[in-house]
């Protein structure tokens, strides 16, 4: 009995000692640090002025709204998708979808410089009249179809506007 206890104690001591030793290869040595490359001294000089870009040619204002008899019939499905806006000599993009939104359906613009056009968030169709609206459902622009995939009208600030594909 004493002998079996001595054997068990010896085995336990061997296990404890084995747990304290490392098995496997020694840890990898750290690579030597990389020496920085010598650099030339930095020269301080005055930068040239930025190039002056020529002003883009001002595009003519769209024609006045067409008379009612010249307007083409429009359906909501004709309007969904991406469009190009030309207003005040600038171009940007308009996107219209059939998701319900305050004042009509969801719309958004991209790349517009005009604060009025940046605020477009909805659109609606009433007969042949397309109204672009802001987040409060206030009219931003009114458009009428003048040719297939072309609409002309005015922004709320009076600026002429053409929307086309």
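Residue numbers (the numbering used here): 1354 to 1518.
Glycine included, C-beta positions come from ideal geometry on N, C-alpha and C.
No experiment lies behind these values; they were computed from the predicted model shown.
- One Cα belongs to residue 1455, the other to residue 1428, and the distance between them is close to 20 Å.
- The segment 1470-1478 and the segment 1389-1404 do not touch, with fewer than 3 CB-CB distances between them shorter than 8 Å.
- In this structure residue 1440 is in contact with residue 1514, their Cβ atoms being roughly 5 Å apart against a cut-off of 8 Å.
- Residue pairing by DSSP leaves residue 1381 without any beta bridge partner.
- Taking 8 Å as the cut-off, the beta carbon of residue 1517 is found no closer than this to the beta carbon of residue 1494.
- Exclusion of the five residues before and after residue 1503 leaves 1517 as the residues of its chain whose Cβ lies within less than 6 Å of its Cβ.
- Around the beta carbon of residue 1506, 16 or more other beta carbons sit within 10 angstroms, so the residue counts as buried.
- Residue 1426 and residue 1448 have their alpha carbons spaced roughly 20 Å apart.
- The three-state secondary structure of residue 1358, taken from DSSP, is helix.
- With a threshold of 16 other beta carbon atoms within 10 Å, residue 1405 falls short and is exposed.
- Counting along the chain, the unbroken alpha helix (DSSP H) around residue 1469 starts and ends at 1468-1471.
- When only Cα atoms are considered, residue 1442 and residue 1386 end up about 59 Å apart.
- If you check the CB distance, residue 1498 and residue 1481 come in under 8 Å.
- If you ignore the 5 residues before and after residue 1487, its C-beta comes within less than 8 Å of the C-beta of 1472, 1473, 1474, 1475, 1493, all in its own chain and listed in chain order.
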